[in-house]
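First comes the structure, then the notes that go with it.
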Amino acid sequence: MEDRGVYMCQVNTDPMKMQTAFLEVVIPPDIIYEETSGDMMVPEGGSAKLICKARGYPKPKIVWRREDGREIIARNGTHGKMKATIVEGEMLSLTKVTRSEMGAYMCIASNGVPPSVSKRLKLQVHFHPLIQVPNQLVGAPLGTDVTLICNVEASPKAINYWQRENGEMIISNERYLMNENESSMYAVQMTLVIRKLHKSDMGGYKCISKNSIGDAEGTIRLYEMELQKKTKSAHRVNSVEDTSGNDEINSTPNIDQSDESNKIHKNGRLYKGLQAGEHDLISSSTSDASVRVGPVTLWPLVVGALALALTHGNTPRVRC
Numbered sequence: 038m039e040d041r042g043v044y045m046c047q048v049n050t051d052p053m054k055m056q057t058a059f060l061e062v063v064i065p066p067d068i069i070y071e072e073t074s075g076d077m078m079v080p081e082g083g084s085a086k087l088i089c090k091a092r093g094y095p096k097p098k099i100v101w102r103r104e105d106g107r108e109i110i111a112r113n114g115t116h117g118k119m120k121a122t123i124v125e126g127e128m129l130s131l132t133k134v135t136r137s138e139m140g141a142y143m144c145i146a147s148n149g150v151p152p153s154v155s156k157r158l159k160l161q162v163h164f165h166p167l168i169q170v171p172n173q174l175v176g177a178p179l180g181t182d183v184t185l186i187c188n189v190e191a192s193p194k195a196i197n198y199w200q201r202e203n204g205e206m207i208i209s210n211e212r213y214l215m216n217e218n219e220s221s222m223y224a225v226q227m228t229l230v231i232r233k234l235h236k237s238d239m240g241g242y243k244c245i246s247k248n249s250i251g252d253a254e255g256t257i258r259l260y261e262m263e264l265q266k267k268t269k270s271a272h273r274v275n276s277v278e279d280t281s282g283n284d285e286i287n288s289t290p291n292i293d294q295s296d297e298s299n300k301i302h303k304n305g306r307l308y309k310g311l312q313a314g315e316h317d318l319i320s321s322s323t324s325d326a327s328v329r330v331g332p333v334t335l336w337p338l339v340v341g342a343l344a345l346a347l348t349h350g351n352t353p354r355v356r357c
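For the sequence shown, the working numbering gives the first residue as 38, with consecutive numbering after it.
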């Protein structure tokens, strides 16, 4: 900086000639680390003042921003709190700090002379654990796998574990699978997978979280759910026809009998087509009166009854 000033060039002629110039010395910015804040820890609801100082010429301009790009909630003199992605000034004042303000803050110094410089400051917000249980009542059939979930927020990092309601600690093994997935600096999702449920697995479960500030727990109750059984009627009979010339007897309504062309003779029997590759037996070549039954659908475990009304002397035959 001592070289900064006015310089003159002179030519001793007659008349004498001279020219002056001003030399400006510029200095890129540099962080003054001994006067700048380091990483800081505050309790939730407390206050924090982050200070950043830099040297250079011209005097550097200081701005603050969050490393993740989220808004800064800062106090702006007498105007109260403000939200902004960039805050100017050597001091960043944070009041009534919440856990969402936890993270890295960047102090950036620039004066138009490259390069700009920055320093990273990490703000830790400490609070006791908080547990949120999405489903407090979970049902599952025996023999299946079930997953229990607890969402935990804690800072500093907590110790998380599972217990039965009687206080028995659950240890990870081939039947109990425990996992933790971090979603932020302070949020963790605890999961407990119970494989091949037994009757003895039913009951209460506790997810517990402890750190240096406090502890919290959540409760989930697991109950047995019966498997749904599928039941269907045993028989579905569309129609019964007396081939001896008597009237047709319908056991179910709305039967379409308009298509008389889709009939075939096979092995002495008359069939009527339903779908591709399927036919109903209509009549037989035997002398006895035959009946047409179809289509018939059978399911196990359920039994139905079929009643046929024929003329006197005829013998009914039902073929499926």
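Virtual Cβ for every residue (Gly too), placed ideally from N, Cα, C. Every value quoted in this text rests on a predicted model; they were computed, and no experiment measured them.
Look at Asp76 here: in three-state DSSP terms it is coil, with no helix or strand label.
Residue pairing from DSSP places Lys54 in a beta bridge opposite Val48. Nearest neighbour of Arg102 by Cα position, chosen from Ile123, Met119, Gly82, Ile110, turns out to be Ile123. Here Ile68 is buried. Its C-beta has 16 or more other C-beta atoms within 10 Å. Ranked by how close their Cα comes to the Cα of Ala146, the residues Leu129, Ala91, Val225, Gln265 have Ala91 in first place. The distance from the Cβ of Lys98 to that of Ser130 is about 18 Å, inconsistent with a contact at the 8 Å cut-off. When the five nearest sequence neighbours on each side are left out, the beta carbons in the same chain lying within less than 6 Å of the beta carbon of Leu214 are those of Val230, in order along the chain. Within the DSSP secondary-structure output, Cys187 pairs in a beta bridge with Met227. Looking at Asn49, Ile196, Lys133, the one whose alpha-carbon comes closest to that of Asn248 is Ile196. By the CB criterion at 7 Å, Leu167 and Glu190 fall inside the cutoff. For the pair Leu259 and Thr181, the CB atoms are not nearer than the 7 Å cut-off. For the pair Lys159 and Asp76, the CB atoms are nearer than the 7 Å cut-off. Secondary structure within the stretch 61–112: the beta strand (DSSP E) runs of 3 or more consecutive residues, fully enclosed, are 64–68, 77–80, 85–88, 91–94, 98–103, 109–112 (chain order).
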